[in-house]
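A.B. asks:
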Amino acid sequence: MRCLMMLLLTAISFFVAFGDGKSTKEIRGGGSPPGGPYGHPHLCENTTPIPTRAEIIANASYLFGWEATGAAASAEIIDYYCALPTSATKVLALTGLQIELAREAACAANSSTNPVCPCVPLVNGMMDKYISAIFMGQILNTCSAADRCTSKSCWGVLCAGLNADLLSQVRIDGDAVVETVCGFAGMPAGGYGHAHEWSGPSPVDEVLKSYIVGNATRLYGLQSLLVLSSEERQGACAIFDEAYWDLNVAIGFDPAVEKGIMCAYPDELPPFQELMDLILDAVNNIYISEMLAVSKAPWWKRALCHVVSEESLEAGGLHGDVVRDAFCED
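Each residue of the sequence shown is one higher than the one before, starting from 45 at the first, in the working numbering.
Below you can see the structure in the form of structure tokens.
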């Protein structure tokens, strides 16, 4: 009788997540999530708070400060970001970033307090920390937060498909993410996919990784444009020598992308809204590429198409329709 009930629960879970009468293999583009009900009944009692948009932005603000520190070619540039002028902070604040947090990060490596900086190991560690925190906030806003009971199939898909090793290869704390997501699903870390071929160590897709790096660099470069005068932009373009190029590589940026941005606007910037659209495109593209890169499950992309919540993604600072459409593309 117990086995019969488990099978019934499994069937119901699959119908809720993908139910339009098609086979799970057809819908997911090959294979299906591993067996077992997607969620635990006690999930509805889970009161762990979902990170707010403000918390995600706070982490993005810290990240920008540490990126500015790591990409700085001299202590003078770090000092500049530590004491951003009012004109720069007003413009940057319009993007949503919290200036005092960005300053706090840059000031931690200020030449007066830490003369050994630029300090790549410190910067990389802090960048990894905030990249992980941003991703954690975004993925926890991927499933519907309106009713956690109806989100069981979504959390279960994420838990079963996420690969901690792949997450770590794109600068995300894989163990922490998998443990947290599976906690929302009421499942053990790794879900019921721990014995499957997609759950073990595996090299990340290099094309997707390059998209992540390129868009992360583009995001930083576009944000930087907003705090630099035309003379400072021209100076940043001019100093892209071998040392500055290597420094960008060392912190995980694509120096060709950053140089292209810094040298593209020597005089006047495009209209603010145009820059904001480019910034938001980069934010969306980073998350889309991360999500596609962190699982080898054959059903992953199609499953995401069916379970993500556009409304919740919007609450996490993303364009929900853009993200979902990317997952639903053939």
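Ideal placement from N, C-alpha and C gives every residue a C-beta, glycine not left out.
1. Where does M320 sit, in a helix, a strand or coil, going by DSSP?
2. Is the separation between the beta-carbon of G360 and that of N185 shorter than 9 Å?
3. List the endpoints of the continuous alpha helix (DSSP H) containing D209.
4. Of the choices F108, E250, C151, whose alpha-carbon is the least far from that of I122?
5. Just how far apart, CA to CA, sit V352 and K340?
6. To the nearest angstrom, how far is the alpha carbon of E250 from that of E312?
7. Where are the alpha helix (DSSP H) runs, 4 residues long or more, that stay fully inside the segment 309–367, in chain order?
8. Hey, could you find the ends of the alpha helix (DSSP H) G200 is sitting in?
9. Assess contact between the segment 263–277 and the segment 326–340, defined as three or more Cβ pairs (one per stretch) separated by less than 8 Å. Is contact present?
10. Between the Cα of A149 and the Cα atoms of A104, V214, D321, which residue gives the shortest distance?
11. So, for V366: in the same chain, excluding its five sequence neighbours on each side, which residues have a beta-carbon less than 6 Å away from its beta-carbon?
12. Out of M231, M180, C226, which one is the CA nearest neighbour of S212?
13. What residues in its chain sit with their C-beta under 6 Å from that of P95, if we drop five residues either side in the sequence?
14. Count the other CB atoms within 10 Å of the CB of P85; is the residue buried (16 or more) or exposed (fewer)?
15. For V221, I'd like the list of residues in its chain whose CB is within less than 8 Å of its CB, leaving aside the five on either flank, ordered along the chain.
16. For D321, count the other beta carbons within 10 Å of its own beta carbon; 16 or more makes it buried, fewer makes it exposed. Which is it?
17. Could you give the distance in angstroms between the alpha-carbon of S197 and the alpha-carbon of P129?
18. Tell me whether V225 sits in a helix, a strand or coil according to DSSP, three-state version.
19. Taking the alpha helix (DSSP H) that A104 falls in, what are its first and last residues?
C.D. replies: Quick look at the numbers:
1. Helix at M320.
2. The answer is yes: Cβ separation under 9 Å.
3. Counting along the chain, the alpha helix (DSSP H) containing D209 begins and ends at 208–213.
4. Among F108, E250, C151, the Cα nearest to that of I122 is on C151.
5. Per the coordinates, the alpha-carbon of V352 lies some 18 Å from the alpha-carbon of K340.
6. The alpha-carbon atoms of E250 and E312 are separated by roughly 35 Å.
7. Within the segment 309–367, complete alpha helix (DSSP H) segments of at least 4 residues are found at 316–337, 344–351, 354–359, given in chain order.
8. Counting along the chain, G200 sits inside the alpha helix (DSSP H) bounded by residues 196–205.
9. These segments touch.
10. Here the closest residue by C-alpha is A104.
11. Cβ contact annotation for V366 (same chain, cutoff 6 Å, sequence separation greater than five): N328, in chain order.
12. Considering only alpha carbons, the answer is M180.
13. Around P95, the same chain offers G181, L184 as residues with beta carbons nearer than 6 Å, after the five sequence neighbours per side are excluded.
14. Note that P85 scores a pLDDT of 46, beneath 50, so its modelled location is shaky; the value from the coordinates is reported in the next line. Under this definition P85 is an exposed residue.
15. Residues S176, F179, M180, I183, L206, A208, L211 of the same chain have their beta carbon placed closer than 8 Å to that of V221, with the five preceding and five following residues left out of the count.
16. Under this definition D321 is an exposed residue.
17. In this model, S197 and P129 are separated by some 49 Å (Cα to Cα).
18. V225 falls in the helix class under three-state DSSP.
19. For A104, the enclosing alpha helix (DSSP H) covers residues 97–115.
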